[in-house]
Amino acid sequence: MATFITCVNSLRVYRPFWFSIRLLAPTFFGAKSRAVQIYVVLLHLLVTIMFPVHLLLGLVLQPTPDEMFKNLTMSITCMACSLKHIVHLYHISDIVEIEGLLEKFNTFVTSEEEQSFYHDNLSKRIQLIYRCIQISYIFIYVMFLLTLVLHIRGEHRELLYSAWLPFDWQRNAIVYTLAVSYQTMCILMEGFQGLANDSYTPLTLCFLAGHVHLLVIRLKQLGYQELQEERELNQHSQLLSYIEQHRQLMRLHQLIRKTITQVQLIQLICCGATLCLIVCYVLFYVRDIVEFSYYIIYFAVICIQLFPGCYYASVVAEEIQNLPYAIFSSKWYGQSIDYRRNVLIFSQLTLGKTGKDRVMKAGGIIELNLNAFFATLKMAYSLFAVVLRSRDI
1 MATFITCVNS LRVYRPFWFS IRLLAPTFFG AKSRAVQIYV VLLHLLVTIM FPVHLLLGLV
61 LQPTPDEMFK NLTMSITCMA CSLKHIVHLY HISDIVEIEG LLEKFNTFVT SEEEQSFYHD
121 NLSKRIQLIY RCIQISYIFI YVMFLLTLVL HIRGEHRELL YSAWLPFDWQ RNAIVYTLAV
181 SYQTMCILME GFQGLANDSY TPLTLCFLAG HVHLLVIRLK QLGYQELQEE RELNQHSQLL
241 SYIEQHRQLM RLHQLIRKTI TQVQLIQLIC CGATLCLIVC YVLFYVRDIV EFSYYIIYFA
301 VICIQLFPGC YYASVVAEEI QNLPYAIFSS KWYGQSIDYR RNVLIFSQLT LGKTGKDRVM
361 KAGGIIELNL NAFFATLKMA YSLFAVVLRS RDI
């Protein structure tokens, strides 16, 4: 048998997620000192809660239209980021169980065909998602820092984003620096939240789709060994082990659906609104090439955030739908009565997951697939058309 890299280290590809969680909520990992508790409370009070609120309150100040669009773009993004972060923290125990199940499924990859698929297909998909998310965040924050430098060197004292602060930030240079530093720090910390949020769903769905496909490969090969009497019992026990693997896969499917449903609903709604606001702001108000480049990259990053989750949710549904056919494709007809009875029961179990239960739904409302991605883009265009018409009026 050829030698292959049998698995992708889940701990490595989830490293950005766990690094962000450890940075933002070290108390979930056993850190109980008073200093750490104060750090967590201040961080979530000032960044997770107050930063989106202080941006939204800035709208009450009735800024100019360009400030309003710029403010809303960041306000919605940060509010969504904070809400997704809170949901992930709430489901942290489920996420730990999911990772344990993924590590367990890696040990089932044994045959040459399975290892070939894992190395040549699943591994490359995981690495592509991993790198795309990292590169997109590097680009957006490089452009943000460049914009920040140009903003600081400007002639007038202005905040990065129009917002309400409980003090007069224009009073002197020290107070102004404090205000800009607060916004900069919050945007950087929101970036860590966003990195965790945006990497978890597509990576996990990709793993799930890959392991369902690997089970399909195993089921199709079942029973095609020589039908010697001493092997019949082994094939029956192998069938029972595949039934157990299917049960664990459905447990994994249930946990993933539980952890991503609210996150993806927030993602769909906020991404659609943000895409519309970015287009409006760029077309109507941006005149600087650096700022223009920043928002174009920002637009692309939002699409990168949204597309993989929708795509791999579609792949998961398709792979689960292939399970009954994979069972039928095995050589069940030459086996014993008990074996065929178990095959029939197993087929019924897999057929039960080809209906409502196999569908990932955002918030239990919107079916999560490629149609959801394109519907979000259409929603953004519809909102843009409304803004354009109201502007003409």
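Read left to right, the sequence shown gives residues 1 to 393 (full-length UniProt numbering).
Using N, Cα and C, we set each Cβ at its ideal position, and we do this for glycine too.
Source: prediction; values computed, not measured.
Beta carbon of residue i nearer than 8 Å to that of residue j
i	j	result
Glu-114	Ile-256	no
Ile-302	Thr-259	no
Pro-202	Tyr-312	yes
Tyr-200	His-88	yes
Ser-330	Leu-219	yes
residue 439	Leu-146	The chain is shown only over 1 to 393; residue 439 falls outside these bounds and no answer can be derived.
Gln-264	Gly-194	no
Ile-304	Ser-136	yes
Leu-56	Leu-277	no
Phe-346	His-211	no
Tyr-295	Val-316	no
His-246	Thr-376	no
Best match in the options for proximity to residue i [C-alpha to C-alpha]
i	options	result
Arg-125	Val-290, Thr-204, Arg-34	Thr-204
Gln-348	Glu-367, Tyr-333, Phe-328, Gly-334	Phe-328
Ile-76	Ile-266, Ala-317, Leu-351, Leu-323	Ile-266
Glu-97	Arg-22, Arg-251, Tyr-224	Arg-251
Val-343	Met-185, Leu-61, Ser-237	Ser-237
Ser-181	Gly-210, Val-149, Ile-140, Ala-209	Val-149
Leu-160	Ile-95, Thr-177, Phe-28, Phe-192	Thr-177
Phe-117	Glu-367, Val-41, Leu-214	Leu-214
Thr-184	Tyr-141, Gln-170, Asn-197	Tyr-141
Same chain only: Cβ atoms within 8 Å of residue i, ignoring 5 sequence neighbours per side
i	result
Thr-261	Met-360, Lys-361, Ala-362, Gly-363, Gly-364
Ser-293	Met-143
Val-279	Phe-299, Ala-380, Phe-384
Cys-270	Ile-76, Thr-77, Met-79, Ala-80
Leu-43	Leu-24, Met-189
Arg-15	none
Phe-307	Phe-373
Leu-370	Cys-310, Tyr-311, Ser-314
Gln-221	Ser-111, Glu-113, Ser-330
Unbroken alpha helix (DSSP H) run spanning residue i, endpoints
i	result
Ala-80	65-90
Thr-110	Thr-110 -> no alpha helix (DSSP H), and no H or E assigned at all.
Phe-19	15-24
Gln-134	123-152
Asp-338	337-351
Phe-51	50-58
Ser-329	323-329
residue 395	With the chain covering only 1 through 393, there is no way to say anything about residue 395.
Cut-off 7 Å between Cβ atoms - residues of its own chain near residue i, not counting five sequence neighbours on either side
i	result
Leu-227	Since pLDDT at Leu-227 reaches only 49, below the 50 mark, its modelled position is unreliable, and the value read off the structure follows with that caveat. For Leu-227, where only same-chain residues beyond five positions count, the Cβ hits under 7 Å are Gly-334.
Val-47	Cys-186, Met-189, Glu-190
Trp-18	none
Phe-167	Val-175
Val-13	Ile-126, Tyr-130, Leu-203
Residues of its chain near residue i, where Cβ-Cβ distance is below 6 Å and the 5 sequence neighbours each way are ignored
i	result
Phe-207	Leu-102
In chain order, each alpha helix (DSSP H) run of at least 4 residues that lies wholly inside the region 169-246
173-221
Segments of 3+ residues assigned as beta strand (DSSP E) that fall wholly inside the region 273-309
none
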